[in-house]
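Participant: Sequence lines, in order, name chains A and B.
For what it's worth, full-length UniProt numbering labels the leading residue of the first sequence as 1, then goes sequentially.
For what it's worth, full-length UniProt numbering labels the leading residue of the second sequence as 1, then goes sequentially.
C-beta atoms are modelled at their ideal positions from N, C-alpha and C, and glycine is treated no differently.
All values reported here derive from a predicted model rather than from experimental measurement.
2 protein chains.
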Amino acid sequence: MAPADDATTDAVYDELRDRYEQHLYVQHADMIAMWDQQVMMPEDGSPARAKQRGALSAVGHDLLTDDELGDCLDRLDVDELDGDQRAIVREIRREYDRAASVPTDLVTRLSEYSAENHRIWTDAKAADDYDAFAPRLDGMVDLTRERSAAIDAGRDPYEVQYEESQPYLPLDRVEDIFDELREHLVPLIERIRTDGRELPEIPEGTYDAATQDDLCREALTTLGFDWDRGRFDTAPHPFMAGTQFDARVTTRYDESNPLAGLTAAIHEYGHASYQQGLRQDAYGSPLGSPRSSGVHESQSRFWENHIGRTKPFWELFLPTVTEHFPSLSDLTVDEAYAAVNRIHPENLIRVEADELTYHMHIILRCEIDSALVRGELDVEDVPEVWNDKMNEYLGVRPETDAEGCLQDIHWSMGLASFHGYTIGSVLAAQLNAAVREDLDVDGLVREGEFDPIREWMGEHVHRHGQRYPTDELIEVATGEPLTAEYFLDYVDEKFTELYDL
Amino acid sequence: MAPADDATTDAVYDELRDRYEQHLYVQHADMIAMWDQQVMMPEDGSPARAKQRGALSAVGHDLLTDDELGDCLDRLDVDELDGDQRAIVREIRREYDRAASVPTDLVTRLSEYSAENHRIWTDAKAADDYDAFAPRLDGMVDLTRERSAAIDAGRDPYEVQYEESQPYLPLDRVEDIFDELREHLVPLIERIRTDGRELPEIPEGTYDAATQDDLCREALTTLGFDWDRGRFDTAPHPFMAGTQFDARVTTRYDESNPLAGLTAAIHEYGHASYQQGLRQDAYGSPLGSPRSSGVHESQSRFWENHIGRTKPFWELFLPTVTEHFPSLSDLTVDEAYAAVNRIHPENLIRVEADELTYHMHIILRCEIDSALVRGELDVEDVPEVWNDKMNEYLGVRPETDAEGCLQDIHWSMGLASFHGYTIGSVLAAQLNAAVREDLDVDGLVREGEFDPIREWMGEHVHRHGQRYPTDELIEVATGEPLTAEYFLDYVDEKFTELYDL
Numbered sequence: 001m002a003p004a005d006d007a008t009t010d011a012v013y014d015e016l017r018d019r020y021e022q023h024l025y026v027q028h029a030d031m032i033a034m035w036d037q038q039v040m041m042p043e044d045g046s047p048a049r050a051k052q053r054g055a056l057s058a059v060g061h062d063l064l065t066d067d068e069l070g071d072c073l074d075r076l077d078v079d080e081l082d083g084d085q086r087a088i089v090r091e092i093r094r095e096y097d098r099a100a101s102v103p104t105d106l107v108t109r110l111s112e113y114s115a116e117n118h119r120i121w122t123d124a125k126a127a128d129d130y131d132a133f134a135p136r137l138d139g140m141v142d143l144t145r146e147r148s149a150a151i152d153a154g155r156d157p158y159e160v161q162y163e164e165s166q167p168y169l170p171l172d173r174v175e176d177i178f179d180e181l182r183e184h185l186v187p188l189i190e191r192i193r194t195d196g197r198e199l200p201e202i203p204e205g206t207y208d209a210a211t212q213d214d215l216c217r218e219a220l221t222t223l224g225f226d227w228d229r230g231r232f233d234t235a236p237h238p239f240m241a242g243t244q245f246d247a248r249v250t251t252r253y254d255e256s257n258p259l260a261g262l263t264a265a266i267h268e269y270g271h272a273s274y275q276q277g278l279r280q281d282a283y284g285s286p287l288g289s290p291r292s293s294g295v296h297e298s299q300s301r302f303w304e305n306h307i308g309r310t311k312p313f314w315e316l317f318l319p320t321v322t323e324h325f326p327s328l329s330d331l332t333v334d335e336a337y338a339a340v341n342r343i344h345p346e347n348l349i350r351v352e353a354d355e356l357t358y359h360m361h362i363i364l365r366c367e368i369d370s371a372l373v374r375g376e377l378d379v380e381d382v383p384e385v386w387n388d389k390m391n392e393y394l395g396v397r398p399e400t401d402a403e404g405c406l407q408d409i410h411w412s413m414g415l416a417s418f419h420g421y422t423i424g425s426v427l428a429a430q431l432n433a434a435v436r437e438d439l440d441v442d443g444l445v446r447e448g449e450f451d452p453i454r455e456w457m458g459e460h461v462h463r464h465g466q467r468y469p470t471d472e473l474i475e476v477a478t479g480e481p482l483t484a485e486y487f488l489d490y491v492d493e494k495f496t497e498l499y500d501l
Numbered sequence: 001m002a003p004a005d006d007a008t009t010d011a012v013y014d015e016l017r018d019r020y021e022q023h024l025y026v027q028h029a030d031m032i033a034m035w036d037q038q039v040m041m042p043e044d045g046s047p048a049r050a051k052q053r054g055a056l057s058a059v060g061h062d063l064l065t066d067d068e069l070g071d072c073l074d075r076l077d078v079d080e081l082d083g084d085q086r087a088i089v090r091e092i093r094r095e096y097d098r099a100a101s102v103p104t105d106l107v108t109r110l111s112e113y114s115a116e117n118h119r120i121w122t123d124a125k126a127a128d129d130y131d132a133f134a135p136r137l138d139g140m141v142d143l144t145r146e147r148s149a150a151i152d153a154g155r156d157p158y159e160v161q162y163e164e165s166q167p168y169l170p171l172d173r174v175e176d177i178f179d180e181l182r183e184h185l186v187p188l189i190e191r192i193r194t195d196g197r198e199l200p201e202i203p204e205g206t207y208d209a210a211t212q213d214d215l216c217r218e219a220l221t222t223l224g225f226d227w228d229r230g231r232f233d234t235a236p237h238p239f240m241a242g243t244q245f246d247a248r249v250t251t252r253y254d255e256s257n258p259l260a261g262l263t264a265a266i267h268e269y270g271h272a273s274y275q276q277g278l279r280q281d282a283y284g285s286p287l288g289s290p291r292s293s294g295v296h297e298s299q300s301r302f303w304e305n306h307i308g309r310t311k312p313f314w315e316l317f318l319p320t321v322t323e324h325f326p327s328l329s330d331l332t333v334d335e336a337y338a339a340v341n342r343i344h345p346e347n348l349i350r351v352e353a354d355e356l357t358y359h360m361h362i363i364l365r366c367e368i369d370s371a372l373v374r375g376e377l378d379v380e381d382v383p384e385v386w387n388d389k390m391n392e393y394l395g396v397r398p399e400t401d402a403e404g405c406l407q408d409i410h411w412s413m414g415l416a417s418f419h420g421y422t423i424g425s426v427l428a429a430q431l432n433a434a435v436r437e438d439l440d441v442d443g444l445v446r447e448g449e450f451d452p453i454r455e456w457m458g459e460h461v462h463r464h465g466q467r468y469p470t471d472e473l474i475e476v477a478t479g480e481p482l483t484a485e486y487f488l489d490y491v492d493e494k495f496t497e498l499y500d501l
């Protein structure tokens, strides 16, 4: 490459950013289309939406893998760039390399395979017929290996796939942390099941959705949601989608349980607080984009668990709940606190799991995913391994595959996609410990003063975007690398006290 | 070009369609982003949305003007195609030629110029300061001429620009029709103003928006709106956006007038009926796309005026209105009919104009647009010409430019964009005469049987998509070319009787 003078480096850098921005804007337009599909689209709109989103996905991929974008990356002299610029180039390089190394043909096959899987998985789950889905899972294992080999043929295909959603957070460290969690959580859950006191429950009754909706809106306002840069709606499965200019929270309501929708809303609020905390002036750049799904989940878990499931929060918010549902006016803070923190190991379904058993559902999936992709497990043996692990970890055994290994849609779409949920909780606990070093969080929560807490997260996490690799960001934000220590201390203290262990 | 065998023609044709489809799907994704912007987006979401929509617009343009798409067009042997295929190629050719002939640099300049204009026009209108906007209008005239010259340097630049939104409907015929309208409507409006009886009005009161919303939903259901393939919402300015799988109607409510929101909803329902009537199996092709803005407007005007403003409709629907607003229970059908058909020539604002004076607002704009682009009028003389014409046509003279030539946003974005509104009304009357040849429309409306009417429009207009050029479609649907005759007969009969002339 011919040496470039300063002006040329600037021009190449600017062109690189322009090209990357276009790719990101198309992705964000697709996010709007996805949100609309979940929240607003009429029932029969799917065929057209599938075509539209397919076109955006293809176009977004073409923009990212354009030879001219690659050419800009190759021509840039990194030594001439400042720190922010280098971070931007590092992130674009990573995305480009991964996307450009996968042949278009394989991208298409993967996307068509996933699309076909959706119906096959739905039918197999409905019919409790694992054999109908097994060949599709086998095909997904092959496609995952093929994709990893295209990206980096010399490395463990599972690790390469894992890095797709968890960049810069070494898999071996995460696997060590998951081992620690398993060793610690399995006996803790067992003690709760056998020695724990009986916790109170929310009184039975009908809690109408419209009132729950008012309650959730009041909760979001209390927590500091910026309504000028966001929305709140319902969706079949709660999620958050958005940008620093427009972050959209969803929840769903169960009319027999007034707190489930609220808890989900607070969880998604946490995601939205991350989006709303990203730098507006960096929109379109990696510096204005969230770090990873694991870091994103740390924000949702922090607000859901370390704020929304604490006693101080219920001291503050229970009067608002009883104002909306006067039939709950006999409920005490201790009872509400206990009710939102109940552990139910007998539950078989991940998305209905509690704060503690949830991670055993995740670890089980990661173990099976890893064994499949690494060729240590045959697809046909998955149900038995699944059920054995459920029994070993949670003391329950699914009686059907519909309640077991067929329960999640994820395998229809890919493998190695679960780590973020548990990384998020581990990091949330670590951030929780750090923010409590700086702030009297319980005191602030009791007073309804959430701004300093959100601003602390903004300062330590949000404003950095992708400025630092994930492991560095965690050190910058908390002073140490990712560790299970704080999460394990937190659950020990909380559940030992709650269950009188 | 080397002769192609049958297989090659098929392959080239398929590639052409695939490429065109992608362009259309990206456009439709942008339509969702636009709908969301108007209906759902939080207040501060604009900066990100502008970037996202800008990227979709650029990508859509690139897909349409791709050399390989042009190459497919050049390589196709039209003699080997059937009639439907020829129609598809004709439409893609037309779009490609127009888009590809405009240099990217000019596309960018036009889009940036329009974007800048928005603020300048808003401020100029607020300050009633035409001089602040005049140079921008002058620049838009130059850009319009430049764009037309790029498309076809040998022809009238105004005609070339007009054809952008009204393909295959010769401008000279439309201008003749507009002349007829002007000659006929000006004296009719004058007679109404001087000799017309005083019409009753809707009683003053507060008509709450939520009840109006229920009423509009019931009206849409009555008319046959397919709720599985559409939505109904409110927006600052009513519009319809969508496809055959998902057509979205909007309206707005004035709490002092319960019928304005309803009328707008019925108008937009007409647009949606066109979308919902397009062939689902032709989605992505010109055969599954609406013909032109003029034909689209014929559907909205047909339902708004020839159904929604008829006495039989009010015989059917007044009980539903009074059920929602009991304070109106003394209103008779004749009074309701008169109230929704009042002419108010003193009104200066196009978007608030009635069924009759509306067209004088349009004709005035077309005359000024034409004179500007053809170099027969200086920008500085626009206010005087505008006010003179308002006086000549409607007997009123704006006292400010804010209520005059600055009222519409359209000039910020381009010229020659108004014809479709009046073409739509003229064609609606022609279709109305034709459907009444085949069906007892009044009888069906009284019975609430709207399906046969909608199916007639589906059969004669919707299902054709862009199968025929516009002028041919009109002949296929009504048996004769576009003519002012039916519109003029209709307004004569209706308003002579209504106003006792």
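#1: Could you spell out where the alpha helix (DSSP H) holding D62(B) opens and where it closes?
#2: Closest by CA to D281(A), which one among D131(A), T243(A), A272(A), H296(A)?
#3: In chain order, what residues of the region 19-38 of chain A put their CB closer than 8 Å to some CB of chain B?
#4: Just list the beta strand (DSSP E) runs in the region 137-216 of chain B, keeping only unbroken ones of 3 residues or longer that don't cross its boundaries, in chain order.
#5: At a CB-CB cut-off below 9 Å, which residues of chain B make contact with P290(A)?
#6: Going straight from the alpha carbon of A2(A) to that of D66(A), what length do you get?
#7: State buried or exposed for G261(A), treating a residue as buried only when at least 16 other CB atoms are found within 10 Å of its CB.
#8: Between A55(B) and R49(B), what straight-line distance do the alpha-carbon atoms span, to the nearest angstrom?
#9: For M34(B), which three-state DSSP category applies?
#10: Exposed or buried, what is D476(B) when buried is set at 16 or more other beta-carbons lying within 10 Å of its beta-carbon?
#11: Hey, how far is the Cα of V435(A) from the Cα of W456(A)?
#12: In its own chain, which residues sit with a C-beta less than 6 Å from the C-beta of D226(B), not counting the 5 before and 5 after it?
#13: CB-CB under 6 Å to T144(B), same chain, minus the five flanking residues each way: which ones, in chain order?
#14: Since Q430(B) and Y393(B) should fall inside the 8 Å C-beta cutoff, what is the C-beta to C-beta distance between them, to a whole number of angstroms?
#15: Does G375(A) pass the burial test, meaning 16 or more other C-beta atoms within 10 Å, or should it be called exposed?
#16: If we count the other Cβ atoms within 10 Å of its Cβ and call it buried at 16 or more, is S329(B) buried or exposed?
#17: Does the beta-carbon distance from R309(B) to E355(B) come in below 8 Å?
#18: Taking the alpha-carbon of D74(B) as reference, which of S111(B), G60(B), E15(B), H271(B) has the nearest alpha-carbon?
#19: With a threshold of 8 Å between beta carbons, is M40(A) in contact with chain B?
#20: Restricting to Cα atoms, I'd like to know which of Y25(B), D369(B), G270(B) is closest to Y158(B).
#21: Can you tell me the Cβ-Cβ gap for F133(A) and L444(A), rounded? I've got them flagged as a contact below 8 Å.
#22: Quick one: grab the DSSP three-state call for T250(A).
#23: Given a threshold of 16 other Cβ atoms within 10 Å of its Cβ, counted over all protein chains shown, does H306(A) qualify as buried or as exposed?
#24: Once you ignore the five residues that flank D5(B) on each side, which residues in its own chain have a CB closer than 6 Å to its CB?
#25: Name the two residues that bound the continuous alpha helix (DSSP H) containing M40(A).
#26: Any idea what DSSP makes of N305(B), helix, strand or coil?
#27: Is the CB of G458(A) under 8 Å away from at least one CB in chain B?
#28: M41(A): which of F232(B), G83(B), S101(B) sits nearest, CA to CA?
#29: Any idea what DSSP makes of V12(B), helix, strand or coil?
#30: Since D233(B) is in the beta strand (DSSP E), which residue starts that stretch and which ends it?
#31: If you check the beta carbons only, do E91(A) and P286(A) fall under 8 Å apart?
#32: Between which two residues does the alpha helix (DSSP H) containing T470(A) stretch?
#33: For A4(A), which three-state DSSP category applies?
#34: Pick helix, strand or coil for A124(B), following the three-state DSSP scheme.
#35: Would you list, in sequence order, the uninterrupted alpha helix (DSSP H) runs of no fewer than 4 residues that lie entirely inside the region 289-349 of chain B?
#36: At a CB distance below 7 Å, what residues from the region 223-253 of chain B approach chain A? Give them in sequence order.
Facilitator: So, to answer that:
#1: 46-64
#2: T243(A)
#3: E21, Q22, Y25, V26, H28, A29, D30, I32, A33, D36
#4: none
#5: Simply none; closest approach about 14 Å.
#6: A caution first: A2(A) carries a pLDDT of 33, below 50, which makes its placement in the model too unreliable to give a value.
#7: buried
#8: 10 Å
#9: helix
#10: Asp is not the amino acid found at residue 476(B); the sequence shown has Val there. V476(B) is exposed by the Cβ-count criterion.
#11: 7 Å
#12: Q276
#13: Q161, V373, L415
#14: The pair is not a contact, with the Cβ atoms about 23 Å apart (cut-off 8 Å).
#15: exposed
#16: exposed
#17: yes
#18: E15(B)
#19: yes
#20: D369(B)
#21: Contact flag wrong, Cβ pair sits at about 48 Å.
#22: strand
#23: buried
#24: Since pLDDT at D5(B) reaches only 48, below the 50 mark, its modelled position is unreliable, and no value is offered.
#25: Looking at the DSSP string, M40(A) is not in any alpha helix (DSSP H), and its letter there is neither H nor E.
#26: helix
#27: no
#28: F232(B)
#29: helix
#30: 230-234
#31: yes
#32: 470-478
#33: Unreliable placement is indicated for A4(A), whose pLDDT of 49 sits below 50; the coordinate value is still reported in the next sentence. Coil.
#34: helix
#35: 293-301, 311-324, 333-340
#36: W227, D228, R229, G230, R231, T243, F245, D246
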